[in-house]
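Plus 2 on top of the position in the sequence shown (first one is 1) and you've got my numbering.
Backbone N, C-alpha and C fix where the C-beta goes; we use that ideal spot for every residue, glycine too.
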Amino acid sequence: MFKIVKEFSFDMAHMLDGHDGKCKNLHGHTYKLQVEICGELHQSGPKKGMVIDFSDLKAIVKKRILEPMDHAFIYDCTSERESKVANLLQSLDSKTFSLPTRTTAEEMARFIFNCLKYEEHLPVSAIRLWETPSSFCEYEE
3 MFKIVKEFSF
13 DMAHMLDGHD
23 GKCKNLHGHT
33 YKLQVEICGE
43 LHQSGPKKGM
53 VIDFSDLKAI
63 VKKRILEPMD
73 HAFIYDCTSE
83 RESKVANLLQ
93 SLDSKTFSLP
103 TRTTAEEMAR
113 FIFNCLKYEE
123 HLPVSAIRLW
133 ETPSSFCEYE
143 E
């Protein structure tokens with residue numbers, strides 16, 4: 003079994019409604035994302051000797067994760083306060099992206115994992131998401 007990892011970077015704003023610290027305020031991060039794929043090598047064809055072509059993985063992550071989330075306000079659509087901020091930003095033609103959960107690194111890592119594994123059918127084995135250069139979350143099943 004082989005594991006390959008591709009790394010990405012994106013910028014995003016969020017807030018944690020109800021949090022008991024400074025993260026309750028609107029703020030942003032430059033996230034580092036690692037997508038780990040696990041599988042056997044293709045035995046024939048143009049992808050022979052690969053688990054997945056890195057450029058194919060890049061294209062999928064770009065389409066499903068980076069394009070909708072990069073430079074967006076990500077918000078918990080179940081939070082009235084965060085939804086108000088999102089509605090204001092949308093009225094100003096600003097980019098938003100909603101999740102049905104709090105926008106913690108943990109929940110975002112799980113969202114990305116599920117999106118890639120179950121919606122894109124990639125053999126994802128782990129997602130690592132850095133919120134700061136020294137703090138990251140890893141999600142795997």
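Under DSSP, F12 shares a beta bridge with Y33.
Three or more beta-carbon pairs drawn from the region 59-78 and the region 120-129 are found closer than 8 Å, and the two stretches are therefore classed as touching. In the three-state scheme derived from DSSP, where H, G and I count as helix and E and B as strand, S93 is classed as helix. When DSSP states are grouped into helix, strand and coil, V53 belongs to the coil group. Take A74, set aside five residues on each side of it, and the residues of its chain with a beta-carbon closer than 7 Å to its own are M14, K97, T98 and F99, in chain order. The continuous beta strand (DSSP E) containing R130 extends over residues V126 to T134. Excluding sequence positions up to five before and after F113, its CB lies within less than 7 Å of the CB of L101, all in the same chain and listed in chain order. Within its own chain, the residues whose Cβ lies closer than 6 Å to the Cβ of V7, once the five positions on either side in sequence are excluded, are Q36 and E38, listed in chain order.
Under the DSSP assignment, I67 falls outside any beta strand (DSSP E); it carries neither an H nor an E label.
DSSP places L101 in the strand class (E or B) of the three-state scheme.
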